[in-house]
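Taking it in order: structure first as structure tokens, then the write-up.
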Amino acid sequence: MPPETPVQDDCYRNPVVPGFYPDPSVCRWGDGYVLATSSFTYFPGVPILTSTDLVTWAHVGNALTRESQLKLVPTTSSSRGIYAPTIRSHQGRLWLITTVFRDSDLVAFIVTADDPAGPWSDPVKVDIQGIDPDLCWDEDGACWVHFSAFGIRRARIDDQTGSVIEGPDLTWSGTGLLAPEAPHVFCRDEWWYLVIAEGGTERGHCVSIARGPTPQGPWEGCPANPILSHRSTDRPIQNTGHADLVEADDGSWWMVLLGVRPKGRSPMFHVLGRETFLVPVDWLDGWPAPRALDLVMPTRPPGPYILTPAVVLDDFDAPILSPEYVSVRGPLGDAASLTERPGWLTLRGARGDMDDLRPVFVGRRQKYLECRARTRVDVADAAEAGLAIRMHEGAHYEVAVASDLVIVRARIGPLTSIVAEAPAPTSPLVLRLETHEAAGKTDGPDLVHLGFEQTDGSFLVLAELDGRFLSSEVATGYIGRVIGLYSVGGEASFDWFELSDLDSNADS
């Protein structure tokens with residue numbers, strides 16, 4: 016892995032957290048910052064990231080790492096699970112509130128920690144019914160929760176037991192646009208501010224804000240609402256909304272928010288999910304005024320700004336997996352081992368008839384629009400094992416070794432097809448997939464190349480598939496692509512796993 020390299024100029028690049036890290040919430044912690052995002056049906060739940068400069072973020076842990084904290088049922092659809100969290104620092108501890116949405120039940124809860132990396136406490140249920148809950152404490156120490164439930168609602172709670180003391184009551188719900196949600200409340204000078212998202216989380220998404228003398232209001236909407244939106248523009252960042260604000264140690268203010276980077280022809284397609292962006296905020300007449308949001312921003316926040324390496328190579332020598340790895344709906348448990356074959360990750364997929372086989376999958380979020388994924392796999396007795404690029408159960412491509420063949424499979428909605436196959440030349444074998452800009456070849460956002468490396472190291476592409484079928488606009492939902500390893504119908508081992516940014520490795 017190349018060393019981290021200081022950035023020499025004064026700019027920073029968006030998104031500051033690329034890939035499927037939606038619904039960001041941020042707070043000060045010690046000499047830096049902590050950020051939390053949604054995770055939906057991936058486990059562990061709620062990624063926790065830290066930074067000293069608001070630009071370079073390290074994924075240090077996850078808030079929900081135990082089944083006692085998060086237990087999803089197998090039928091939980093891919094865009095349910097853990098919705099938007101809020102993270103706050105209060106009385107020397109980190110507090111996080113979120114909701115879990117299974118099939119029919121919706122539960123809000125609080126977890127706390129003394130360290131962003133954890134461990135985080137078991138949940139304390141909060142007696143509200145809604146999504147996107149926020150926590151704040153007023154000057155008297157009273158704890159207030161604002162949340163979305165057919166408008167923005169407010170309740171005073173006991174933060175130790177989760178019981179509701181007052182409310183919930185309907186409060187300021189924006190300017191009248193679709194789907195008011197994502198409330199965050201903060202105090203500056205003599206004013207309390209309530210920032211929300213409205214307009215829907217698609218192209219009409221925007222940020223609006225109101226202020227009042229207390230967390231209960233009464234609220235006055237900003238005359239410039241919405242204070243940030245890219246709707247009806249040709250800007251490269253779209254769907255902008257779900258914002259949270261934080262004050263840096265030099266007194267400057269910053270906004271984190273979600274957005275997407277659509278590509279291709281109309282209606283355009285985003286494939287990485289909703290990502291986390293950063294924009295500086297000025298204050299005009301007591302109101303926050305975000306500056307223009309772009310992919311390259313001319314002024315960076317204070318702090319040591321370090322460029323994160325664009326290549327991740329995991330040789331599976333560590334005793335546990337990095338917190339960036341996720342599985343689907345629950346922990347891997349005995350289905351994965353780093354000790355059974357030291358230096359390899361062993362995955363054990365369920366055995367049985369082919370129609371009943373269930374894959375074991377572990378992956379990392381795709382962070383780069385053009386990327387390369389590689390792994391060296393020893394199939395052992397698995398029916399099949401390999402690399403998958405996944406949006407959800409109804410939208411994924413994979414390249415795998417199955418018996419003495421290398422196969423490429425595509426799942427698009429209800430249709431599944433093996434689109435290519437070739438004899439497997441060696442065992443173990445290096446499998447590879449790449450995503451490339453479509454460059455006019457299709458109307459979609461990118462092309463996915465799947466195949467394997469021959470004995471001379473060259474990439475034999477077995478199939479080139481249209482990336483639009485692994486986009487939110489086609490596959491639907493709130494999540495983004497995850498690339499990873501899987502085994503089905505037995506045991507397979509992986510020597511290493513590499514994810515790299517092709518833009519940064521164009522000559523490799």
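Sequential numbering of the sequence shown, starting at 16, is according to this note's numbering.
Every residue, glycine too, gets a C-beta built ideally from N, C-alpha and C.
> Which whole-angstrom value is the C-beta distance of V423 and V394, which I expect to be below 8 Å?
Replying inline: Incorrect: roughly 16 Å between the Cβ atoms, too far for contact.
>> Which complete beta strand (DSSP E) runs does the segment 205-233 hold, if anything under 3 residues is left out?
In response: 206-213 and 221-227
> Between the beta-carbon of L448 and the beta-carbon of I498, is there less than 9 Å?
Replying inline: yes
> Going straight from the alpha carbon of W298 to that of S267, what length do you get?
Replying inline: 10 Å
> What are the boundary residues of the alpha helix (DSSP H) that includes E432?
Replying inline: Note that residue 432 is Ser in the sequence shown, not Glu. From DSSP, S432 is part of no alpha helix (DSSP H) but of the beta strand (DSSP E) over L430 to P438.
> Under a three-way DSSP split, which group does A388 fall into?
Replying inline: When secondary structure is reduced to three states using DSSP, A388 falls in the strand class.
> How long is the line joining the alpha carbons of P346 and R81, rounded to whole angstroms?
Replying inline: Distance between the alpha carbons of P346 and R81: 8 Å.
>> With H, G and I counted as helix, E and B as strand and the rest as coil, what does DSSP make of G483?
In response: It should be noted that the sequence gives Arg, not Gly, for residue 483. In the structure shown, R483 sits in a helix (DSSP, three-state: H, G or I).
>> Let me make sure I understand the geometry here. Which of R344, G47 and D259 has the alpha-carbon closest to that of S93?
In response: R344
> Roughly how many angstroms separate the alpha carbons of V421 and V392, rounded to a whole number?
Replying inline: Between the alpha carbons of V421 and V392 lies a gap of roughly 12 Å.
> Relative to the C-alpha of R108, which residue among P238, D142, P429 and I125 is closest?
Replying inline: Nearest C-alpha to R108: I125.
>> Beta-carbon within less than 7 Å of H407's beta-carbon, same chain only, minus the 5 sequence neighbours each way: which residues are those?
In response: S93, A490, G492 and I494
> Just how far apart, CA to CA, sit A197 and T457?
Replying inline: 36 Å
> Taking the Cβ atom as the reference point for each residue, do V377 and L500 lie within a distance shorter than 9 Å?
Replying inline: yes
> Closest by CA to F284, which one among D461, T114 and Y208?
Replying inline: Considering only alpha carbons, the answer is D461.
> Residues bridged to C42 by DSSP?
Replying inline: V49
> Across which residues does DSSP place I422 in a beta bridge pair?
Replying inline: As DSSP reads the structure, I422 sits in a beta bridge with A415 and E436.
> By a C-beta neighbour count over all protein chains shown, 10 Å radius and 16 as the cutoff for buried, is K140 buried or exposed?
Replying inline: exposed
>> For Y501, report the span of its beta strand (DSSP E) as first-last.
In response: V497 to V503
> Which same chain residues, not among the five before or five after T314, have their C-beta less than 7 Å away from its C-beta?
Replying inline: D25 and P295
>> Let me check one thing: in DSSP terms, what residues is W269 bridge-paired to?
In response: V261 and P295
>> Suppose you measure from the CA of W187 to the CA of Y48; what does that come to, to the nearest Å?
In response: When the Cα atoms are used, W187 and Y48 turn out to be separated by approximately 28 Å.
> Could you give the distance in angstroms between the alpha-carbon of I211 and the alpha-carbon of H245?
Replying inline: 16 Å
>> Rounding to the nearest angstrom, what Cα-Cα distance links P228 and S40 in this structure?
In response: 23 Å
> Just the Cα atoms here: how many angstroms apart are N240 and L79?
Replying inline: 35 Å
> DSSP puts R405 in a beta bridge; with which residues?
Replying inline: Answer is H411 and V497, bridged to R405.
>> Assuming A132 and V75 are in contact, meaning their beta carbons sit under 8 Å apart, how far apart are those beta carbons, in whole angstroms?
In response: 4 Å
> Thinking C-alpha only, which one of A410, A263 and A435 is nearest P429?
Replying inline: A410
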